[in-house]
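Read through the structure below, which is laid out as structure tokens, and then see the notes.
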Amino acid sequence: MRADVQQVADGAYLVHGNNTNWVILTEGDAATLVDTGYPGDRQQLLASLAEVGSSPEAVEAVLITHAHSDHLGSAEYLRSAYGMPVYLHEAEVPHARREFLHQVSVGTVLKNGWRPGVLPWAVHAIRSGGTAHVPVACPQPFPVAGPLDLPGRPMPVPTPGHTDGHAAYHLPDRGIVISGDALVTGHPTARAKGPQLLPDMFHHEQTRAVASLEVFEGLEGDLLLPGHGPVHRGPVREAALQARERARSKVE
0 MRADVQQVAD
10 GAYLVHGNNT
20 NWVILTEGDA
30 ATLVDTGYPG
40 DRQQLLASLA
50 EVGSSPEAVE
60 AVLITHAHSD
70 HLGSAEYLRS
80 AYGMPVYLHE
90 AEVPHARREF
100 LHQVSVGTVL
110 KNGWRPGVLP
120 WAVHAIRSGG
130 TAHVPVACPQ
140 PFPVAGPLDL
150 PGRPMPVPTP
160 GHTDGHAAYH
170 LPDRGIVISG
180 DALVTGHPTA
190 RAKGPQLLPD
200 MFHHEQTRAV
210 ASLEVFEGLE
220 GDLLLPGHGP
230 VHRGPVREAA
240 LQARERARSK
250 VE
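Heads up: the sequence shown begins at 0 in numbering that gives the first Met the number 0, then just goes up one per residue.
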């Protein structure tokens, strides 16, 4: 199965793998890769780079929004095989080394198995390597504060809650926000479509995940590239407000 590669702006591509997304940013012959999909997405990941006219050798760095297996899947492979650095928020570095795991447990998934879509998603996740042990040997914290000197000039934005060190990436010059799992537009286990939080069972700290929506409300941009679901076109601030309202209505 080929990944679905969608050009969303000049030099910016949202790639849909197996129930999860990654982003490719290009400038000339160089590229930045944001997230890497499941371990089972590796061939699709490599093919997506070729499809946009790039290659692993051209990728200057891998940026990870958070160290769940469906985003970290091929990070160590790319680091060890091609020498590219893997950057995350400093609080997420030990998570990427697998000193601990802030990821939904099998027991929690089974308890929620009665919910629509949960069991089919779980089977798909397991087949894609979602329970595989995929530590990164030498993950690194962001080397500088502010925009990174990489293609796209992405600026890390801390958005904790889904994991302690979750980070989004803001490209103000391109009007793009790469939101990872802190703000998504769909998921196989969610009935709603459009801007939303993932179901509560996926968040390490759900209260902080809701609070991080306020961060997105302060970001300028009209292209939201989520970790799950389709691209969202429209003010990112309004997307975050919509997700906050949905979260509030669930509580009420």
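For each residue, glycine too, the CB sits at the ideal point set by N, CA and C.
What you are looking at is a predicted structure, and each value in this text was computed from that prediction instead of being measured.
Looking only at C-alpha atoms, which of the options sits nearest to residue i?
i	options	result
residue 222	13, 150, 232 and 214	232
residue 61	50, 174 and 88	88
residue 191	244, 212 and 164	244
residue 94	66, 37 and 106	66
residue 201	165, 9 and 141	165
residue 242	197, 207, 218 and 219	197
residue 213	118, 37 and 178	178
residue 35	224, 115, 167 and 69	69
residue 135	238, 2, 25 and 38	38
residue 121	140, 186, 55 and 2	186
residue 129	146, 73 and 137	73
residue 216	246, 237, 225 and 125	237
residue 137	111, 71 and 249	71
residue 140	48, 199, 125 and 63	63
residue 174	239, 54, 105 and 224	224
Taking the Cβ atom as the reference point for each residue, do residue i and residue j lie within a distance shorter than 8 angstroms?
i	j	result
residue 7	residue 14	no
residue 83	residue 50	no
residue 156	residue 220	no
residue 4	residue 168	no
residue 46	residue 150	no
residue 259	residue 10	It is not possible to answer for residue 259, since the shown part of the chain is limited to 0 through 251.
residue 117	residue 103	no
residue 230	residue 218	no
What distance in whole Å lies between the Cβ atoms of residue j and residue i, which are believed to be in contact at a cut-off of 8 angstroms?
i	j	result
residue 78	residue 85	5 angstroms
residue 195	residue 209	So it is not a contact: roughly 11 angstroms between Cβ atoms.
residue 133	residue 75	6 angstroms
residue 123	residue 163	Going by Cβ atoms, the distance from residue 123 to residue 163 rounds to 26 angstroms, so no, they are not a contact pair.
residue 114	residue 188	7 angstroms
residue 56	residue 81	6 angstroms
residue 154	residue 146	4 angstroms
By Cβ distance, which residues of its chain are closer than 7 angstroms to residue i, with the 5 residues on each side in sequence left out?
i	result
residue 204	160
residue 111	117 and 200
residue 131	38 and 68
residue 258	Outside the shown range of the chain (0 to 251) lies residue 258, about which nothing can therefore be said.
Cutting at 6 angstroms between CB atoms, please list the residues of its own chain near residue i, excluding the five before and the five after it.
i	result
residue 17	37, 40 and 127
residue 43	2 and 16
residue 240	none
residue 12	4, 6, 23 and 51
Enumerate in chain order the residues of its own chain whose CB-to-CB distance from residue i is below 8 angstroms, with the five nearest sequence positions on each side excluded.
i	result
residue 172	152
residue 227	18, 19, 20, 180, 183, 184, 185, 186 and 197
residue 251	Interpretation of residue 251 is limited by its pLDDT of 47, a score under 50 that renders its predicted location unreliable; the figure taken from the coordinates is listed afterwards. No residues qualify anywhere along the chain.
Any chance you could list the beta strand (DSSP E) runs of at least 3 consecutive residues sitting entirely within the stretch 185-230, in chain order? 222-225
Scan the stretch 1-74 and note each continuous beta strand (DSSP E) run of 3 residues or more that stays entirely inside, going in chain order. 3-8, 11-15, 20-26, 29-33 and 58-62
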